[in-house]
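Novice: Structure provided below as structure tokens; questions to follow.
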Amino acid sequence: MQLRIDHSSATPPYEQVRAQIAEQARSGALPAGLKLPTVRALAEQLGLAANTVARAYRELEADGVVETHGRRGTLIAAVGDTAHRLAATAAAEYADRAHRLGLSQDEAMSTVHDALRLAYGA
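Structure below.
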């Protein structure tokens, strides 16, 4: 696993770690089932505080990219199925809330498009 931290970047180090691991998992460079280094080991390797790496791992777990199995460690999850399932759940929750708020379908879609443009930088 190759990670690089740009200390001059405006992006916080935990987010750089999270984004790089997530991308490598999605691309298959980190295959499902691969055991990640311990928080302490990766923190030492990258010259970061252990809490920084722990936060990245927590966010990766919340996103379904990794699974933590106690003494077995943190493993890359089967990302495709989990990511799509989590995205579908979030979309359904948004649709329900937008409907309850009285937004029309066009208004709800416009809001989604705006949020996606912001998230993806497009």
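The sequence shown runs 787 to 908 under the numbering used here.
Here a beta-carbon is modelled for each residue, glycine too, at the ideal position from N, C-alpha and C.
Have a look at P798, A829, E847 and flag the residue whose alpha-carbon is nearest the alpha-carbon of I862.
Specialist: E847
Novice: Would you give the residue range spanned by the beta strand (DSSP E) that I791 belongs to?
Specialist: Segment: none, I791 is in no beta strand (DSSP E) and carries neither H nor E.
Novice: Can you look up T854 in the DSSP assignment and give me helix, strand or coil?
Specialist: strand
Novice: Would you list the one or two residues that DSSP bridges to I862?
Specialist: DSSP, once it has assigned bridges, lists V852 as partnering I862.
Novice: Give me the Cα-Cα distance between V898 and Q891, rounded to the nearest whole angstrom.
Specialist: 11 Å
Novice: Is the number of C-beta pairs between the region 869–883 and the region 833–845 that are closer than 8 Å three or more?
Specialist: no
Novice: Buried or exposed, going by whether 16 or more other CB atoms sit within 10 Å of the CB of P798?
Specialist: Exposed.
Novice: Can you give the beta carbon distance from L828 to V852, rounded, assuming they're within the 8 Å contact cut?
Specialist: Going by Cβ atoms, the distance from L828 to V852 rounds to 12 Å, so no, they are not a contact pair.
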